[in-house]
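To keep things clear, I will list the structure first and then write my remarks on it.
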Amino acid sequence: MSTTEEQPTGGAPNAPDWQIVQASDDFAQLRRRLRNFVFPMTALFLVWYLLYVLLADYAHGFMATKLIGNFNVGLLLGLLQFVSTFLITWLYVRYANRRLDPIADKIRDELEGGAR
Amino acid sequence: MELNLFAAAAVLLVAVATFSIGFRASRLASTTQDFLVARRRVRSRRNAAAVSGEYLSAASFLGVAGLVLKDGANALWYPIGFTAGYLALLLFVAAPLRRSGAYTLPDFVEARLSSRVLRWFATVFVVFIGILYLVPQLQSAGLTISSILPMPSWFGAVLVAVLVMINVFGGGMRAITLVQAFQYWLKLCAIAVPTFVMCALFFGGGGFHGPGLAQPQSPRFTADTTVTVRTPVLLTVQEPVHLSADGTLDGAAAEGPVFWGGGTHKVDAGTTLRFTKDSPVPVVAGAPADNATWLKPVTGSQDVWATYSLMFALFLGTMGLPHVLVRFYTNPDGGAARRTTLHVMLLLSLFYLFPMLLGALSRLYVPELLVTGQTDAAVLLLPGKIASGTLGQVLGAVTAAGAFAAFLSTSSGLLVSVSGVLSTDLLPGRVRDFRVATTIASAVPLALAIVLHPSDVSMSVGLSFALAASTFCPVLVLGIWWRRLTWVGALLGMLTGGGLVLTALVLNVVSRYTGSQPPWFVVQPALVTVPIAFAVVVLGSKATKAKVPPDVNRIRLRMHAPDKLGFIRDRDVARFGTAEERARLADGRHRK
Numbered sequence: 001m002s003t004t005e006e007q008p009t010g011g012a013p014n015a016p017d018w019q020i021v022q023a024s025d026d027f028a029q030l031r032r033r034l035r036n037f038v039f040p041m042t043a044l045f046l047v048w049y050l051l052y053v054l055l056a057d058y059a060h061g062f063m064a065t066k067l068i069g070n071f072n073v074g075l076l077l078g079l080l081q082f083v084s085t086f087l088i089t090w091l092y093v094r095y096a097n098r099r100l101d102p103i104a105d106k107i108r109d110e111l112e113g114g115a116r
Numbered sequence: 001m002e003l004n005l006f007a008a009a010a011v012l013l014v015a016v017a018t019f020s021i022g023f024r025a026s027r028l029a030s031t032t033q034d035f036l037v038a039r040r041r042v043r044s045r046r047n048a049a050a051v052s053g054e055y056l057s058a059a060s061f062l063g064v065a066g067l068v069l070k071d072g073a074n075a076l077w078y079p080i081g082f083t084a085g086y087l088a089l090l091l092f093v094a095a096p097l098r099r100s101g102a103y104t105l106p107d108f109v110e111a112r113l114s115s116r117v118l119r120w121f122a123t124v125f126v127v128f129i130g131i132l133y134l135v136p137q138l139q140s141a142g143l144t145i146s147s148i149l150p151m152p153s154w155f156g157a158v159l160v161a162v163l164v165m166i167n168v169f170g171g172g173m174r175a176i177t178l179v180q181a182f183q184y185w186l187k188l189c190a191i192a193v194p195t196f197v198m199c200a201l202f203f204g205g206g207g208f209h210g211p212g213l214a215q216p217q218s219p220r221f222t223a224d225t226t227v228t229v230r231t232p233v234l235l236t237v238q239e240p241v242h243l244s245a246d247g248t249l250d251g252a253a254a255e256g257p258v259f260w261g262g263g264t265h266k267v268d269a270g271t272t273l274r275f276t277k278d279s280p281v282p283v284v285a286g287a288p289a290d291n292a293t294w295l296k297p298v299t300g301s302q303d304v305w306a307t308y309s310l311m312f313a314l315f316l317g318t319m320g321l322p323h324v325l326v327r328f329y330t331n332p333d334g335g336a337a338r339r340t341t342l343h344v345m346l347l348l349s350l351f352y353l354f355p356m357l358l359g360a361l362s363r364l365y366v367p368e369l370l371v372t373g374q375t376d377a378a379v380l381l382l383p384g385k386i387a388s389g390t391l392g393q394v395l396g397a398v399t400a401a402g403a404f405a406a407f408l409s410t411s412s413g414l415l416v417s418v419s420g421v422l423s424t425d426l427l428p429g430r431v432r433d434f435r436v437a438t439t440i441a442s443a444v445p446l447a448l449a450i451v452l453h454p455s456d457v458s459m460s461v462g463l464s465f466a467l468a469a470s471t472f473c474p475v476l477v478l479g480i481w482w483r484r485l486t487w488v489g490a491l492l493g494m495l496t497g498g499g500l501v502l503t504a505l506v507l508n509v510v511s512r513y514t515g516s517q518p519p520w521f522v523v524q525p526a527l528v529t530v531p532i533a534f535a536v537v538v539l540g541s542k543a544t545k546a547k548v549p550p551d552v553n554r555i556r557l558r559m560h561a562p563d564k565l566g567f568i569r570d571r572d573v574a575r576f577g578t579a580e581e582r583a584r585l586a587d588g589r590h591r592k
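In the order they appear, the protein sequences are chains V and E. Residue 1 is where the first sequence starts when you use the UniProt record's numbering, and the numbers rise one by one after that. Residue 1 is where the second sequence starts when you use the UniProt record's numbering, and the numbers rise one by one after that.
Take a look at the structure:
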C-alpha cells in the first residue's frame, strides 16, 4: 500500500512539474471541459428517464397511442431509452476524443518541452 | 419434471467446454499475468465481449424474460438500468479510478483516504455484495436443473457451487479474457437462435390463436394445466374462474371443484390447482392481472416510486460491483476504456432484445407460471410449448445450456474476487487460506440459496445493486470529485447506507414468508438510501475536517490528470489474485 504514496517515476514527467500542471490554465480548462460535459449530460438523461416514467403514469392516452398493431408510443419510447443511453455514451466518447485529448496532448508537450 | 436428455447433454457440454478452455488458458498464462499482458494487447472489441460475458448473469438470462412475463412493460427498466449503469461508470469513475492505480474498491478507499479501518469495512461490504449476488445465481441453477432433470431444486444449486469451486481451485476460469468473451457469444447464441426459431414458428403458424396481448383480459391457459404451489402465494383473480383444488385455500381445506369470483385468494404451500384449457389465469398479487395493464409501462404511484428507485439502484450500483470494475483495467488507457464501454453497451443492448421478446411470447404460451409467480423458468419452458417433440427439446436444451453458461461465468468471476478479498484481507495467515476462503465464499451463498425463498432472480439482484449503490457509490463519486472527503465521513456513510439496505432486505424476506405485500421503499430502497448515504458522507466529512488526508491534492491530480501525462501507474499487482499467483509473480516482480 505504501506504493501509492510514491512519487510517479519512470515514464512520468519529473516530479516538481505536476505542481505547475495543477496550477496551469490548461489543466483548469481540461477539468472545466470535463465537468461541463459530464454534469449537464447526466442531468439531461436523468430528466429524460424520469419524464418517461411520469408520462407513462399520467399520460395514458398519449402512451397508448397505437403506431403499428399493438406497438404503442409507450413501447417506442421505452426502446428509445436504450438508443438514448447508447447515444450519450457515443457523444461522450466523441467529446473526449475531440475536446479533452487535444488539451491533454498540449499539456504533455509543454511539460516535456520544459523538462528538456 | 420430465427428463430432457438433450438438455442434460447440452449442459454437460457447456461445463466441459468452459473447463477445458479455462484450464488451457490458465496454463498458458496466469491471470495476474493475463492482466499485465492483456493491458497492452486486448482489443477493445474482444474486451467488451469479455466484460459483457462476465456481466450477463442469471438475472439477465432468465430473470429479464421472467419479469417481462409478469410485469410487462415495467420490467423493461431492468435491461435499461443494467446497460445505463455502465454509462454512469464511464462518466464518473472509470477513468479517474483507472488512473488512481487501485484495482479494487478497498484499494481505492485506502489509497484515497489512507485508512486501514475504512479498507476493512469496504472489504466486508465487497464480500457481502458478492455473496448477495451469488445467491440468485445458485437459486436459478437449481431452477434450471430441476426443469430438465427429475431432481429437487437444491441439487442444481449444489452442483453449480461444487463445479465452480473445483474450477476456482484448479485455477481455470479466472477473469481470463478469452473465456469470458467466449461466454458472451455462447450466451448470445443460446438465446438468439431459439428466439429466431420460435418467432418463425409463431408467425409461420399464423400467430397465436387466442386473445392477444392488447386485450383487456387475463391471459388464458393453453391446455389443461395442473399447478402445484410450493410456497404460499396470494393470487389476484380478475375474471371468475372454475378450477379444482386439493389443499388449503383462503385458510380452509379444499378438495374438488372450486369457484373463484373476482378478488384475491390465498393459496397455501402444497396445494394442487387444476385449470381447464382456455380458463383465465389468476396471477400473483402485485403483478398486472390483465394483458392491457401488462402492456402499460407504469401503473399507480407506488409503481412510479418503485421504478425510480430501481433505476437509481441499477444506475449507481453498477460502479460498486466487485466483478465489474476490475475488467476495466485490461484497457491500456482512458481512450480504450471509452471505446470498450461503447461496445459493451452495444453488446448488452443486442442481448437484451431477446429476453424481452421471449418474455412477451411466454405471456401467451406459459401463463401458468403466473400462478406460482416463479416466472424465471419462462425461458426454459417456453421452447417445449411452442415447438413440439424433438425440436422443442433441442431448443429447450440450447436455452438451458446458455443459462448454465451464465451461472458458471458469473459465479466463477464473483467467487474468485470474493475469496481473493477474503483470503488477503479478512483471514489471517494468508497463503494457505485461499482454499478456505473459497470454501467459505461458496458455502455461505449455497446455504442461503437453499434456505431462502426463491424470489425473482432479478429482484434479489436488484437488491445487491441497491447495496452497492448505497455503500460504494457515494464514496467513489465523492472521493473522486470532492476534495474534503474524510475517512470518518466515508465510513459513516457506508455503514448507514449499507445498514438501511440490509434492514430493507430483512423486512423483505420476512414479508415473503408472511405473504404480505411490502411498500415500495422496502422492495426497492435505493431512492431513499442513496441520498441518505450521500448526506451522511458529506456531513460526517464536514464534522471531521482535520482528517482530510494531507496529500489529497497529489492524489486528486493523479486521478484527474489526462492519461497521456503518464501518471497512470499500476498498483502493487501482487496484492491481487491467488496466493500461488502472488508467489509466482513475486519471483519476477520488476517489470520495466
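Where a beta carbon is used, it is the ideal one built from N, C-alpha and C, also for glycine. Given the structure is predicted, the values throughout are model-derived calculations rather than measurements.
Determine, for Arg99(V), whether the minimum Cβ-Cβ distance to residues of chain E falls below 9 Å.
no
To the nearest whole angstrom, what separates the beta carbons of Ala405(E) and Leu186(E), a pair I think is in contact under 8 Å?
5 Å
I need the straight-line Cα distance from Gln180(E) to Thr83(E), nearest angstrom please.
18 Å
Does Leu36(E) have its Cβ less than 9 Å from a Cβ in chain V?
Unreliable positioning characterises Leu36(E) in this predicted model, as indicated by a pLDDT of 40, which lies under 50. The coordinate reading is nonetheless provided below. No, because no Cβ of chain V sits closer than 9 Å to the Cβ of Leu36(E).
How would you label Ser470(E), buried or exposed, when you count the other beta carbons within 10 angstroms and need 16 or more for buried?
buried
Any beta carbon of chain V sitting closer than 9 Å to that of Gly429(E)?
Reliability fails at Gly429(E), whose pLDDT of 49 lies under 50, so the model's placement of it is uncertain and no value is given.
I'd like to check one pair, Ile386(E) with Tyr365(E): are the Cβ atoms closer than 9 Å?
yes
What are the complete alpha helix (DSSP H) segments, minimum 4 residues, inside the region 464-550 of chain E?
487-514, 520-523, 526-543
For Lys266(E), which three-state DSSP category applies?
strand
Residue environment, Leu565(E), which counts as buried when at least 16 other CB atoms sit within 10 Å
Low per-residue confidence applies at Leu565(E): pLDDT is 46, beneath 50, and the placement is therefore not dependable enough to give any value.
Counting only beta-carbon atoms, is Val47(V) nearer than 9 Å to chain E?
no
List the residues of chain V whose Cβ lies closer than 9 Å to the Cβ of Arg339(E), in chain order.
Val93
Ignoring anything shorter than 3 residues, give me the beta strand (DSSP E) runs that lie fully in the region 303-381 of chain E, in order along the chain.
none
Tell me the DSSP secondary structure of Lys277(E) in three-state form.
coil
When DSSP labels each residue in this structure, what does Ala253(E) get in the three-state scheme?
strand
Cβ-Cβ distance between Val304(E) and Leu75(V) below 9 Å:
no
Going by CA-CA distance only, name the one from Val229(E), Leu321(E), Leu132(E) that's closest to Val51(E).
Leu321(E)
Verify whether the separation of the beta carbon atoms of Ala88(E) and Pro355(E) is less than 9 Å.
no
Could you say if the region 469-486 of chain E and the region 150-167 of chain E meet the contact criterion of at least three C-beta pairs nearer than 8 Å?
no
Helix, strand or coil at Thr272(E) [DSSP, three-state]:
strand
Can we say the region 306-319 of chain E touches the region 513-530 of chain E, given the rule of at least three CB pairs closer than 8 Å?
yes
Using the Cα positions of Pro383(E) and Leu463(E), report the straight-line distance between them to the nearest angstrom.
30 Å
Going by DSSP in three states, Asp101(V) sits in which element: helix, strand or coil?
helix
Could you tell me which chain E residues have their CB closer than 7 Å to the CB of Phe82(V), listed as they occur along the chain?
Ile80, Thr83, Ser349
Given a threshold of 16 other Cβ atoms within 10 Å of its Cβ, counted over all protein chains shown, does His242(E) qualify as buried or as exposed?
exposed
Nearest neighbour of Ala148(E), chosen from Leu415(E), Ile450(E), Leu395(E), Gln517(E) [CA to CA]:
In the sequence as presented, Ala is not what sits at residue 148(E); that position holds Ile. Here the closest residue by C-alpha is Leu395(E).
Look at the alpha carbon of Phe155(E) and the alpha carbon of Leu51(V), and state the distance between them as a whole number of angstroms.
45 Å
Roughly how many angstroms separate the alpha carbons of Ala96(V) and Thr42(V), rounded to a whole number?
15 Å
Need the endpoints of the beta strand (DSSP E) that Leu234(E) sits in, please.
233-237
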